[in-house]
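This report refers to the structure that appears directly beneath it.
Residue numbers (my numbering): 4 to 124.
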C-alpha cells in the first residue's frame, strides 16, 4: 500500500509541474487601451506571448502591442493594420531563467484585440 501511495504522489507531482500559467488581456471599443503587470517571480523554461486582432466592420482596424520584463527583456512587439499585415502575432523566449514581472500593453482601434501571456516553470 505504501508503494502505491508513493507512486501516486510521484505521478501527481510530475503532472502538476507540467502545467503552464496564463494571463489574458483584452482591448477594444469602448476601451481602446489596456495594460497589465504580471508577477511571475520564478524560474521558467519559457515565456510565450501572443496577440490577435479581430476584423472591424469598417475595414480600418489597427492597434499595437508590446510585452517586456522588468529587466527590459523584450518578449514581443507588433503593430497591426487591417489589410496590411497578419491579424495574429506570437513570440516566445525559450530559455530557462528567472522572470520577475512582465508588462503587457495593448491597443485596438475600430476592432478588438486579445493578448495572452503564458509561462511554464
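Heads up, the beta-carbon is just placed ideally off N, CA and C, and yes, glycines get one too.
Subject >> Whole-number beta carbon distance between residue 120 and residue 70, since they are thought to touch under 8 Å >> reply: By one-based count along the chain shown, residue 70 stands at place 67. By one-based count along the chain shown, residue 120 stands at place 117. Indeed, because the Cβ distance is near 6 Å, the residues count as touching under 8 Å.
Subject >> CB contact flag (residue 104, residue 73, <8 Å) >> reply: Within the chain shown, residue 104 is the residue found at index 101, counting from 1. Within the chain shown, residue 73 is the residue found at index 70, counting from 1. Yes, Cβ-Cβ distance for residue 104 and residue 73 is below 8 Å.
Original post:
Near residue 35, which residues of its chain fall below 7 Å by C-beta distance, leaving aside the five closest residues on each side in sequence?
Top reply: Taking the first residue of the chain shown as position 1, residue 35 is located at position 32. The beta carbon of residue 35 lies closer than 7 Å to those of 110, 111 and 112 in the same chain, with the five residues before and after it left out.
Subject >> Cα-Cα separation between residue 79 and residue 33, rounded to whole angstroms >> reply: Sequence index remark: in the chain shown, residue 79 carries index 76 (1-based). Sequence index remark: in the chain shown, residue 33 carries index 30 (1-based). Rounded to whole angstroms, the gap between the alpha carbons of residue 79 and residue 33 is 25 Å.
Subject >> Nearest to residue 37 (by Cα), restricted to the options 106, 124 and 122 >> reply: Taking the first residue of the chain shown as 1, we reach residue 37 at position 34. When only C-alpha atoms are compared, the closest one is 106.
**OP:** Compare the Cα-Cα distances from residue 31 to each of 96, 55 and 43 and report the closest residue.
**Re:** Locating residue 31 in the chain shown gives position 28, where the first residue counts as 1. The shortest Cα separation from residue 31 among 96, 55 and 43 belongs to 55.
Subject >> Paired residues, beta bridge with residue 67 - DSSP >> reply: Taking the first residue of the chain shown as position 1, residue 67 is located at position 64. According to DSSP, residue 67 bridges with 82 and 110.
Original post:
Is residue 29 buried or exposed, if buried means 16 or more other CB atoms sit within 10 Å of its CB?
Top reply: Numbered from its first residue, the chain shown carries residue 29 at position 26. Flag for residue 29 reads exposed.
**OP:** Determine the burial state of residue 65: buried for a count of at least 16 other Cβ atoms within 10 Å of its Cβ, exposed for fewer.
**Re:** Within the chain shown, the letter at position 62 stands for residue 65. Under the 10 Å beta carbon count, residue 65 is surrounded by 16 or more other beta carbons and is classified as buried.
Subject >> Span separating the alpha-carbon of residue 116 from that of residue 27 >> reply: Walking along the chain shown from the start, residue 116 turns up at place 113. Walking along the chain shown from the start, residue 27 turns up at place 24. Near 11 Å, if we compare the C-alpha coordinates of residue 27 and residue 116.
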